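Under the UniProt record's numbering, think of the first position of the sequence shown as 1, with each following residue one higher. Backbone N, C-alpha and C fix where the C-beta goes; we use that ideal spot for every residue, glycine too. All values derive from a computational prediction rather than experimental measurement. Structure record follows, encoded as structure tokens.
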Amino acid sequence: MPLLFSATHAVGSLIMPGIRNNPVRQLMILEFIYIVAKYTVDDNRSVIWPFILVNEIWDVLTVFKYRTTQYLPFGLQMWKTFQTFQYFILLNQYPDFYILIWLLATVSLQIVSFFLYFLFPPLTWTVPVFDIAPTQAPKDPFSIYSRYMAIGLVLFVFVLHLAS
């Protein structure tokens with residue numbers, strides 16, 4: 001699954017004009033992480049987990065290269081964070097120290113990418129939950145409601161957890 005997620009993320013960058021060499025760079029990062037993981041992890045089944053890290057490294061490098069989070073969609077970032085926390089829940093059932101190391105590295109890069117929304121705001125869209133205004137377009141006046149929806153969703157899940 002992580003390899004498929006990495007492949008779909010790389011194919012998505014083929015569509016954007018002017019940056020056709022991005023998939024080649026992503027594959028180079030993927031190969032580097034695979035080589036490092038193959039020699040540091042003693043189990044071949046655990047080598048698949050570092051592939052999640054490729055997308056996070058690429059996203060952070062892209063933000064620093066273009067000095068904007070325009071090409072880092074907030075919904076995709078939230079989905080990747082949700083998947084990572086899902087892997088943490090699975091790790092609780094099947095403990096493995098090597099997977100924990102890779103997941104901690106992935107979560108740390110995801111937290112860094114969330115902080116990058118504050119340092120390098122997007123050009124044309126408002127960051128939904130954080131309500132960060134774009135630099136080259138007017139701020140969406142209705143984006144504050146996404147924050148209230150997110151808080152409501154968290155409270156709803158918390159109440160469901162308490163009810164069970």
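Query, Result
"Taking the C-alpha atoms as reference points, what is the distance between LEU109 and GLU56?", "6 Å"
"Are VAL63 and LEU76 close, meaning C-beta to C-beta below 8 Å?", "no"
"If distances are taken between C-alpha atoms only, which option among LEU153, PRO128, MET149 comes closest to PRO141?", "PRO128"
"Is the distance from the Cβ of THR84 to the Cβ of VAL112 below 8 Å?", "no"
"Under three-state DSSP, which class holds PHE114?", "helix"
"Based on the DSSP output, what are the partners of VAL129 in its beta bridges?", "None; VAL129 has no bridge partner."
"Verify whether the separation of the beta carbon atoms of ILE29 and TRP58 is less than 8 Å.", "yes"
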